[in-house]
Every structure is written in structure tokens, then in C-alpha cells.
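A short write-up of the structure that comes next.
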Amino acid sequence: MNPLTSSAIYFTLFSGTLITLFSSHWLLIWVGLEMSLLAIIPILMSKPNPRSIEAASKYFLIQATASMILMMAAIINFYNTGQWSISNTINQLSSLMLTLALSMKMGLAPFHLWVPEVTQGIPLMSGLILLTWQKIAPISIMYQIAPSINYNLIMFMALMSILLGGWGGLNQTQLRKILAYSSIAHMGWMMAIISFNPSLSILNLLIYMMLTINMFMLLYYNKKTSTLALSNSWNKSPLLTSIILMVLMSLGGLPPLTGFFPKWMIIKELVSNNNIILPTLMAIMALLNLYFYMRLIYSTSLTLFPSSNNTKIKWLFENTKITPLISAIAIASTMSLPLTPILSTLY
Amino acid sequence: MNLFSSLILMSLIILLFPIFLSFTNFYNSHTFPNYVKTSIMCALTFCTLPSLMFINYNYELVISNWHWMTIQTMNFTMSFKLDYFSLMFMPVALFVTWSIMEFSMWYMHSDPYINRFFKYLLMFLITMMILVTSNNLFQLFIGWEGVGIMSFLLIGWWYGRTDANTAALQAILYNRIGDIGFVLTMAWFMFNSNSWELQQLFMTETSLLPLMGLLLAATGKSAQFGLHPWLPSAMEGPTPVSALLHSSTMVVAGIFLLVRFYPLLENNETAKTLALCLGAITTLFTAICALTQNDIKKIVAFSTSSQLGLMMVTIGINQPHLAFLHICTHAFFKAMLFMCSGSIIHNLNDEQDIRKMGGLFKALPFTSSSLMVGSLALTGTPFLTGFYSKDLIIEAANTSNTNAWALMITLLATSLTAVYSTRIIFFALMGQPRFSSLTSINENNPQLMNSIKRLLFGSIFAGFLLSYNIPPMNTPLLTMPFYLKTTALFVTIAGFIIAMELNQLTLNLKLNYYSHSTKFSTLLGYFPITMHRLPPKMNLLISQKLATTLLDQIWMEKTVPKLVAITQSSASTLTSNHKGLIKLYFLSFLVSTTLALAMVIYFPV
Numbered sequence: 001m002n003p004l005t006s007s008a009i010y011f012t013l014f015s016g017t018l019i020t021l022f023s024s025h026w027l028l029i030w031v032g033l034e035m036s037l038l039a040i041i042p043i044l045m046s047k048p049n050p051r052s053i054e055a056a057s058k059y060f061l062i063q064a065t066a067s068m069i070l071m072m073a074a075i076i077n078f079y080n081t082g083q084w085s086i087s088n089t090i091n092q093l094s095s096l097m098l099t100l101a102l103s104m105k106m107g108l109a110p111f112h113l114w115v116p117e118v119t120q121g122i123p124l125m126s127g128l129i130l131l132t133w134q135k136i137a138p139i140s141i142m143y144q145i146a147p148s149i150n151y152n153l154i155m156f157m158a159l160m161s162i163l164l165g166g167w168g169g170l171n172q173t174q175l176r177k178i179l180a181y182s183s184i185a186h187m188g189w190m191m192a193i194i195s196f197n198p199s200l201s202i203l204n205l206l207i208y209m210m211l212t213i214n215m216f217m218l219l220y221y222n223k224k225t226s227t228l229a230l231s232n233s234w235n236k237s238p239l240l241t242s243i244i245l246m247v248l249m250s251l252g253g254l255p256p257l258t259g260f261f262p263k264w265m266i267i268k269e270l271v272s273n274n275n276i277i278l279p280t281l282m283a284i285m286a287l288l289n290l291y292f293y294m295r296l297i298y299s300t301s302l303t304l305f306p307s308s309n310n311t312k313i314k315w316l317f318e319n320t321k322i323t324p325l326i327s328a329i330a331i332a333s334t335m336s337l338p339l340t341p342i343l344s345t346l347y
Numbered sequence: 001m002n003l004f005s006s007l008i009l010m011s012l013i014i015l016l017f018p019i020f021l022s023f024t025n026f027y028n029s030h031t032f033p034n035y036v037k038t039s040i041m042c043a044l045t046f047c048t049l050p051s052l053m054f055i056n057y058n059y060e061l062v063i064s065n066w067h068w069m070t071i072q073t074m075n076f077t078m079s080f081k082l083d084y085f086s087l088m089f090m091p092v093a094l095f096v097t098w099s100i101m102e103f104s105m106w107y108m109h110s111d112p113y114i115n116r117f118f119k120y121l122l123m124f125l126i127t128m129m130i131l132v133t134s135n136n137l138f139q140l141f142i143g144w145e146g147v148g149i150m151s152f153l154l155i156g157w158w159y160g161r162t163d164a165n166t167a168a169l170q171a172i173l174y175n176r177i178g179d180i181g182f183v184l185t186m187a188w189f190m191f192n193s194n195s196w197e198l199q200q201l202f203m204t205e206t207s208l209l210p211l212m213g214l215l216l217a218a219t220g221k222s223a224q225f226g227l228h229p230w231l232p233s234a235m236e237g238p239t240p241v242s243a244l245l246h247s248s249t250m251v252v253a254g255i256f257l258l259v260r261f262y263p264l265l266e267n268n269e270t271a272k273t274l275a276l277c278l279g280a281i282t283t284l285f286t287a288i289c290a291l292t293q294n295d296i297k298k299i300v301a302f303s304t305s306s307q308l309g310l311m312m313v314t315i316g317i318n319q320p321h322l323a324f325l326h327i328c329t330h331a332f333f334k335a336m337l338f339m340c341s342g343s344i345i346h347n348l349n350d351e352q353d354i355r356k357m358g359g360l361f362k363a364l365p366f367t368s369s370s371l372m373v374g375s376l377a378l379t380g381t382p383f384l385t386g387f388y389s390k391d392l393i394i395e396a397a398n399t400s401n402t403n404a405w406a407l408m409i410t411l412l413a414t415s416l417t418a419v420y421s422t423r424i425i426f427f428a429l430m431g432q433p434r435f436s437s438l439t440s441i442n443e444n445n446p447q448l449m450n451s452i453k454r455l456l457f458g459s460i461f462a463g464f465l466l467s468y469n470i471p472p473m474n475t476p477l478l479t480m481p482f483y484l485k486t487t488a489l490f491v492t493i494a495g496f497i498i499a500m501e502l503n504q505l506t507l508n509l510k511l512n513y514y515s516h517s518t519k520f521s522t523l524l525g526y527f528p529i530t531m532h533r534l535p536p537k538m539n540l541l542i543s544q545k546l547a548t549t550l551l552d553q554i555w556m557e558k559t560v561p562k563l564v565a566i567t568q569s570s571a572s573t574l575t576s577n578h579k580g581l582i583k584l585y586f587l588s589f590l591v592s593t594t595l596a597l598a599m600v601i602y603f604p605v
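Taken in order, these protein sequences are the chains called V and L. Each residue of the first sequence is one higher than the last, beginning at 1 in full-length UniProt numbering. Each residue of the second sequence is one higher than the last, beginning at 1 in full-length UniProt numbering.
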């Protein structure tokens with residue numbers, strides 16, 4: 001793409017999210033969301049083939065609907081309270097509509113159906129932006145209206161997200177869809193804690209973003225998009241194969257790695273609030289996530305996938321992809337668990 | 001000092017002499033059967049005198065002979081209770097047995113083990129006498145089990161035949177189920193009183209439980225519905241066995257037990273209602289089954305079963321003495337029916353299928369006339385034997401405050417009695433012969449003729465003699481409307497007429513194929529087919545599954561691991577099977593929104 005247009009598009013995307021983060025007027029929040037929506041559409045279609053265009057149009061439809069519902073909620077709030085500024089207390093109907101709209105934007109169950117579809121149709125880097133950057137704005141709005149969200153509803157949606165994210169990912173071999181379902185499950189974990197301790201949601205979001213960025217970059221390095229392709233990466237980039245192992249295990253939430261930290265905190269917070277059954281179920285369902293990560297690890301790093309002998313002998317060429325900070329992020333996403341005390345005081 | 005006790009004991013001991021003699025060389029001679037028959041005749045004469053003493057002077061006796069042992073508070077003695085029931089039943093049973101013994105001297109003439117046959121019949125008779133005259137439950141149980149065992153040995157007389165062996169086993173098994181009830185009653189009485197003597201038991205306040213036990217015992221022994229299939233299968237035995245055991249004597253033991261315990265039964269309404277309903281179901285069901293049978297002995301067996309149901313109905317309407325009277329009169333004509341069937345069977349060279357008989361009226365005149373008299377007595381023709389008991393029963397049922405449904409069914413079964421009796425007469429006696437013409441048919445043997453003659457006299461006169469000589473035990477029912485009095489007669493006549501019409505249809509050349517509803521009757525209500533296979537198979541299967549696969553395969557393997565795996569994989573395929581149509585996604589979003597709205601309205605924070 002023309003560097004001028006792409007810089008304009010990326011700038012619009014960036015500033016759209018920032019406008020949503022910084023504003024206290026409902027209308028401007030909506031403006032920011034729309035800006036990021038419109039800006040990301042060409043990013044999604046950066047490789048113009050029918051599948052990408054289909055994905056982009058699906059994304060647009062869903063997000064536009066969500067934005068409209070959000071607008072409606074803001075207007076109802078204005079009608080009832082007479083003010084546009086975002087505050088903690090909003091009436092029930094607005095709160096409900098906001099919850100639904102933001103769940104649609106985030107990809108929280110039962111509004112999760114678009115996430116795997118769209119993620120599968122777009123190139124890897126676009127998928128990265130979709131699954132990480134686009135989550136910041138809705139979660140920040142949720143953070144701000146957290147006290148008035150209907151507790152039962154959000155808990156139910158969170159639990160369902162974790163369930164559906166786990167079950168959906170079991171049946172996939174395409175890596176983008178696996179990461180999409182993992183995103184749904186992580187959104188569930190984030191929304192589970194939002195009524196009790198919204199800061200933990202943000203923390204979870206940050207760590208999730210770090211892990212997902214890492215994952216996408218590792219996949220982007222050799223353009224692996226399916227399990228089969230990933231399974232002969234031991235030959236092409238053996239070091240990256242082992243890093244994929246660590247990052248996937250961290251994403252699944254195994255203890256000595258960073259990904260354990262948000263889950264641990266969330267469970268602790270829920271149990272402190274006398275909520276025992278829900279975190280038990282959530283933890284058990286997270287095992288499903290871990291299972292399909294382990295399946296990936298099994299076929300890529302732990303075992304040699306069956307292949308003909310010709311594929312086993314390769315020249316290792318130098319890779320020309322730009323993968324900024326891949327090693328730094330990899331270290332941060334696997335070895336940050338000892339930093340837990342300082343991270344929990346940050347928020 | 002009169003001879004009452006001596007005569008009775010002598011009568012019983014005379015029956016034992018042939019058993020003792022069977023250990024000697026006399027057992028191998030060919031006059032042993034005659035000796036047995038003669039000893040029964042002597043026993044009959046000896047016990048008629050005490051019966052006459054009872055009829056005249058109301059002289060009852062309890063003979064308590066021998067004290068066997070005492071266990072804590074229970075005395076086990078050998079005691080004989082000679083009251084109304086036993087003193088009336090003994091002569092009848094001995095008379096009928098005498099005739100049957102003489103008949104079987106002709107019937108089993110060519111059997112090489114005829115001496116053993118007579119010994120078995122005699123042992124049966126002895127145990128039946130023990131049952132009838134016992135004064136305590138223990139002795140009754142000895143007689144009870146004794147008749148069961150002898151029934152087994154006699155049904156399986158021709159043990160080379162598989163069907164005979166299975167029928168014998170079937171009889172034992174069904175009787176055993178009934179014995180559970182008997183032992184239950186014995187145990188209850190052991191807990192709640194200190195003896196098993198009948199005099200003491202009748203003073204006990206009983207709950208429903210021992211009476212249920214007695215009812216179960218009667219169901220088993222007297223082939224009531226639920227434990228009835230052994231009676232038609234028992235026709236595998238020789239005809240004298242069917243005549244003695246399975247028509248007159250053994251199968252009435254269950255009813256006799258209930259009649260003995262009538263002081264306990266008459267206070268318990270539930271027991272009587274149960275007996276009434278059970279008897280009504282039995283009588284109708286077996287009458288229906290008798291309608292389409294083709295074996296002459298099976299028809300008579302089902303007729304027996306139907307009459308046993310009628311006896312149970314009589315007990316249910318609180319008329320034990322009428323039931324007992326029916327036992328006595330029924331013995332005569334039923335034994336005679338079996339003997340006539342035996343005569344027909346042997347004369348046609350062992351042909352038992354009525355479809356292959358016919359035209360015997362001219363060939364066997366005496367047999368056919370006694371068959372007809374027996375059938376008329378069975379259906380309750382006025383002033384023959386059956387009338388004096390059966391008509392009284394129907395009258396009593398009509399005028400009592402009883403279950404109207406049970407009454408209806410009993411009346412229906414009464415008319416069906418006429419139907420199947422007509423069927424036997426029509427197919428066996430009337431029309432043109434359907435058997436091969438080379439058999440020599442004759443009635444020349446005096447043993448055959450005399451025995452049937454005796455029972456013929458009994459079938460005609462015994463009802464009159466018995467009912468006018470027995471002491472009245474309760475107020476008889478004298479007044480009722482005309483239509484109630486003649487109900488039994490009318491339904492019987494209606495049955496005869498309908499049956500004759502239907503049977504005439506078989507003379508047409510064109511066969512109209514009948515519907516499938518006759519299969520209910522032919523297959524005995526599907527009861528043996530289902531109940532002989534399905535419950536044992538289920539029991540064995542469950543026990544096998546419990547023993548082998550429950551722990552290892554199910555608990556260890558399938559419950560948690562496989563269940564979790566299958567659940568998760570099916571949930572995964574269910575939830576991630578998307579079509580990709582955005583229309584469907586929006587539809588689901590709409591549904592979710594509506595549900596969320598409902599949720600927020602009904603569960604507000």
C-alpha cells in the first residue's frame with residue numbers, strides 16, 4: 001500500500017482508540033469507536049482477495065450494529081439523566097444496551113460468532129491488530145461503567161465465553177481460528193472480574209495482548225497459518241519452534257510462566273468475594289484451552305510430524321520479515337511471573 | 001367310647017400298607033395295583049363312618065398323637081383336626097381316588113412300571129390326606145410339599161419326553177413361588193404367637209401380611225392368575241394323574257388352605273377383596289384361553305383353572321363353606337371328564353387333538369353320554385351336581401355387596417364354561433369321524449366302565465346328597481329377585497346357543513380366516529411366552545452386568561474419563577460448526593439480546 005495512505009490509516013486507527021480512551025463525552029466515545037472501525041477496514045483488506053473482503057464486510061456489519069446500539073444507549077442515558085458525560089451510574093436499560101454493544105465489539109459470547117470468521121479471512125498482521133488493539137477501546141469503556149453493569153448478565157456471558165472459547169478451539173486446525181477462540185476465552189476471563197476489580201481486567205488485557213502479539217509475530221515469521229504448516233517449522237526455524245512452545249504454554253496459563261498470573265489473580269479475587277463455583281468452572285474450562293495449545297505444541301515442538309524425507313533437508317535462508325522486539329516480548333511473556341507483586345500494585 | 005378316632009387312624013394307616021409292602025417281593029407281582037385299589041376302598045369304608053357320625057351328631061375331634069420336640073416356646077406335635085372340612089373331604093377324595101385307581105388299571109395296563117405308578121399315586125393320596133387333616137401349619141406344610149413332589153414325579157412320568165420334564169419342573173417352580181407365601185405366613189405366626197396349631201392361630205389378631213402369604217400360597221398351588229401356566233403344562237402327565245392331581249385333589253389344596261383359615265380371612269376386607277379380584281381375573285382369563293385350545297386335556301385343564309378361580313371368588317365374597325362344597329362336587333365331575341377324555345384318547349390310539357376326533361357318539365356311547373353329563377354338571381345344569389354349589393355361588397355373588405366388575409367377569413366366565421364344553425362335545429362326539437379307521441374302539445373293559453359309572457352316579461347325585469346332609473354353617477340366602485336367581489342359568493343357555501352356532505360355522509366348506517385376536521386365546525394370553533423368557537433373561541443379564549462390567553468397565557472407565565471426553569468432543573463439534581452466514585449470526589444476536597433483556601428484568605442487580 002502507498003505509505004502515505006497506510007500511515008494515514010494507521011494514524012486514524014491509533015487516534016480513534018485514543019479518542020475513546022480520553023473522552024468523557026458519550027458522543028466522542030462513539031466517534032472514536034467509529035474512527036477505529038472505519039480505519040481498520042482497509043487494514044483487514046490489505047491483501048485484496050474475496051475472502052478478506054468478505055471478512056471485512058462481516059466485521060463492518062457487526063461493529064456498525066454494535067456502535068448503533070451504543071449510540072442508542074448513550075441517547076437513552078441522556079434522556080434519563082440529562083447529561084452526556086460518562087459516569088459510574090447509568091440506568092438499567094442503558095447499562096444493558098451498553099453491555100450488549102460492547103460485548104459485540106469485543107467478541108464476548110453469545111456475540112462471538114464473528115470472531116473466528118473474520119480472523120480466518122484476514123492476513124496474520126491484520127489479525128494481530130484486530131485481536132489486540134481493537135479490544136482496548138471497548139474494555140476501557142467497560143472499565144468506566146463497571147459498577148452499573150448487571151452482575152448476573154456479565155457473569156453469565158463471561159462463563160459462556162470461556163466455555164465456547166474452549167469448545168470451539170478443540171475442533172480447529174487453522175491457527176488463526178485457534179487464536180480467535182483463545183481471544184474469546186480470554187475476553188471471558190476479563191469480563192468475569194470486571195464487577196469485582198476492574199483493574200484486574202486491564203491487567204489481564206495487557207498480558208493477553210503481550211502474549212497474542214508474541215504469538216502472531218512468531219507465526220508471521222514463516223507465515224504459518226495452519227497446524228500442518230507449523231508442524232514442519234522445526235526444520236526451518238528451530239529456535240522459534242521452542243519459543244512457540246513456551247508462549248503457547250504461557251497463553252494456556254501454566255504456572256511458572258506469565259500467563260498464570262492473570263488467572264491466578266482473577267481466581268483469588270473471585271474467591272475473596274465468596275464466589276466459589278464460578279472460578280472452579282472457569283479454571284476447569286481453561287483446561288480445554290490448554291489442551292488445544294498442547295496439541296499444537298505436540299505436533300510442532302515435541303514430535304516430528306510425519307513428512308517425506310525431502311522436506312527434512314533444507315537450506316536455512318535468512319528471513320527478511322520485520323519482527324520487532326520478538327525476543328524481548330518472548331522473554332516478557334514467559335518469565336514475568338516473579339514480577340507479580342509490582343504488577344498488582346500498578347493498578 | 002366310640003370308634004371315631006380309631007376308625008380315622010385306621011383309615012389313614014390302611015393307606016400306608018401298600019407303601020410298606022412295596023419294599024417286599026409283593027411289589028413285583030401283577031396284583032399289586034388291585035391291592036392298592038382295594039386298600040383305598042377299605043380306607044373309604046373306614047372313613048365314611050366317622051363322617052356319618054359328624055353329620056349326625058356334629059362330632060368333631062382333634063387327635064394329638066406324638067410330641068416331636070419343643071423349641072423355646074413352640075411345640076411341634078403330630079395332630080389331626082377332624083372337623084367339617086376334613087371329614088367331608090376325606091370320603092370324597094377317597095371315592096374319587098378309588099375310581100381313578102381302577103381306571104388307571106385299564107389305562108396304564110401296558111406300562112411296565114405300573115406298580116411304581118400306583119405307588120406314586122398312593123403316596124400322593126397320603127400326603128393329600130396329611131394336608132387335609134393336619135391341625136398345625138407344620139404338618140400342613142409337610143402335606144403341601146409332599147403333594148408338590150408327587151406332582152413332579154407324576155407329571156414327569158414319561159421322562160423320556162422333554163416336554164414332560166419341562167412341565168414337571170415348571171410345576172415345581174411355580175409351586176415354589178407359592179411356598180414363599182406359605183413360609184412367610186408360618187414365620188409371621190412364629191413371631192406373633194407361640195404355636196402353629198390352628199386353634200391358637202384363629203384367635204390371633206392378624207394384620208394383612210400373613211393373609212397375603214396364604215393368598216400367595218394359594219395362587220401358586222391352585223394356579224391363580226400370575227402363577228397359572230403350570231396347570232395346562234401339567235397335562236403332559238398320564239390321564240389318571242391329570243384326573244387325580246390336577247382336577248380334584250392337589251390344585252384344590254390352595255383353596256382348601258384359604259377355606260381352613262376363614263376365621264382370619266373374614267375379618268380382613270383387603271384380603272377378601274384381593275381374593276375376589278384375583279379369582280375373577282383367573283376365571284375369566286383361563287376361560288378365554290380354553291376357547292381355542294385343540295388338545296382335549298388342555299381344555300379340561302383350563303376348565304379346572306376356571307373353576308378354581310370361581311372358588312377363589314367364593315372365598316372373596318365370604319362364603320368359605322360354599323367354596324368347600326364346590327371343591328367336593330367339582331371333584332366328581334372333573335375327574336369323570338378326565339376319565340372320559342382318557343377313554344377317548346386311548347381308544348383313538350393316543351390321539352389328543354379334538355380336530356382329529358369326531359363321531360364318537362355312536363362308537364363310544366357310554367363314554368360320550370358320561371362326557372355330556374359331566375359337561376352339563378360342570379356348567380351348572382339344574383339339579384345335577386354342579387348346580388348345588390355353582391348356582392349357590394352365583395346367587396351369593398349376585399346378592400352380596402361385592403365388586404360389580406368381579407361379578408360381571410364371573411358371569412362372563414360362566415357363560416364361557418358352556419362355550420368350551422360345547423366345543424368339546426361338538427368336536428369329539430358329534431359329526432363325522434375324523435380319525436383313522438383302523439383303531440379298535442370299544443368300551444368292554446369293566447375296569448373302565450365301573451369307574452366311570454361310579455363317578456357318573458356321583459356327578460348326578462352327589463350334589464343333592466352332600467348339600468342335604470351337611471350341617472348348615474351360615475344362614476342360607478333365600479330371597480332374591482327372579483332375574484338374579486336365574487342369572488347363571490340364562491348365561492349358560494346363552495353360552496350353549498352361541499357356541500353351537502359358532503361351531504356349526506366350521507361345517508362350511510369355505511373357511512373365513514379369523515382375525516388375530518384369537519391369538520390372544522391360543523397363545524394363552526401371551527403369558528408363558530413373555531414371562532418364561534423375559535424375567536429370567538433380565539435377571540441373569542443384570543447379574544452378569546453387575547458382576548463383571550459394573551466396576552471395571554463402567555465405574556473406572558466410562559463414568560469419568562470416557563464421559564468427559566465424549567461430552568467435550570461432542571460439545572465442541574456442536575458449538576463450532578458454523579455456516580458463516582451473517583444473517584444467522586444476527587439472528588442469534590437478536591435472540592441473545594431478547595434473552596438478556598428478560599434476564600435483566602427478572603434478575604435485577
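We put the beta carbon where it would ideally sit given N, CA and C, even for glycine.
Which listed residue (the options) has its alpha carbon closest to that of residue i
i: L/Tyr-35; options: L/Met-408, L/Asn-175, L/Ile-409 and L/Phe-118; result: L/Phe-118
i: L/Ala-499; options: L/Phe-189, L/Phe-426, L/Gly-178 and L/Met-336; result: L/Phe-426
i: L/Thr-283; options: L/Met-312, L/Arg-260 and L/Val-92; result: L/Met-312
i: V/Asn-273; options: V/Ala-158, V/Asn-197 and V/Ile-122; result: V/Asn-197
i: L/Leu-244; options: L/Ala-301, L/Leu-546 and L/Trp-188; result: L/Ala-301
i: V/Leu-38; options: V/Ile-326, V/Tyr-151 and V/Ser-15; result: V/Ser-15
i: L/Pro-528; options: L/His-228, L/Val-183, L/Asn-165 and L/Met-129; result: L/His-228
i: L/Thr-329; options: L/Asn-135, L/His-346, L/Met-556 and L/Ser-459; result: L/Ser-459
i: L/Leu-448; options: L/Ser-104, L/Ser-233, L/Ala-331 and L/Gln-553; result: L/Ser-104
i: L/Ser-242; options: L/Gln-72, L/Leu-121, L/Pro-320 and L/Ser-5; result: L/Leu-121
i: V/Phe-11; options: V/Trp-189, V/Leu-219, V/Gly-32 and V/Met-106; result: V/Gly-32
Contacting residues, own chain, Cβ-Cβ under 6 angstroms from residue i (five flanking each side not counted)
i: L/Met-108; result: Ile-114 and Phe-117
i: L/Ile-315; result: Leu-258, Ala-275 and Ala-323
Straight-line Cα distance separating residue j from residue i
i: V/Ser-307; j: V/Ile-178; result: 23 angstroms
i: L/Leu-364; j: L/Arg-454; result: 17 angstroms
i: V/Phe-22; j: V/Val-118; result: 28 angstroms
i: V/Trp-264; j: V/Asn-204; result: 10 angstroms
i: V/Leu-230; j: V/Arg-295; result: 12 angstroms
i: L/Leu-211; j: L/Trp-188; result: 10 angstroms
Where residue i falls, given that 16 or more other Cβ within 10 Å makes a residue buried
i: L/Gln-293; result: buried
i: L/Ala-335; result: buried
i: V/Ile-43; result: buried
i: V/Trp-114; result: buried
i: L/Met-391; result: The displayed chain sequence assigns Asp, not Met, to residue 391 of chain L. Flag for L/Asp-391 reads buried.
i: L/Gly-143; result: buried
i: L/His-67; result: exposed
i: V/Trp-315; result: exposed
Cutoff 7 angstroms; reference residue i; Cβ partners in own chain excluding five residues on either side
i: V/His-112; result: Ser-161, Leu-164 and Ile-184
i: L/Ala-223; result: Trp-230, Leu-231, Val-251, Ser-305 and Leu-308
i: L/Gln-432; result: Gly-358 and Gly-359
Same chain, Cβ closer than 8 angstroms to residue i, neighbours up to 5 away in sequence not counted
i: L/Ile-40; result: Leu-15, Leu-94, Thr-97, Trp-98, Met-101, Leu-122 and Leu-125
* **Residue ranges of each alpha helix (DSSP H) within the stretch 378-417 of chain L, 4 or longer** => 392-399
* **Residue ranges of each alpha helix (DSSP H) within the stretch 129-186 of chain V, 4 or longer** => 136-144 and 151-170
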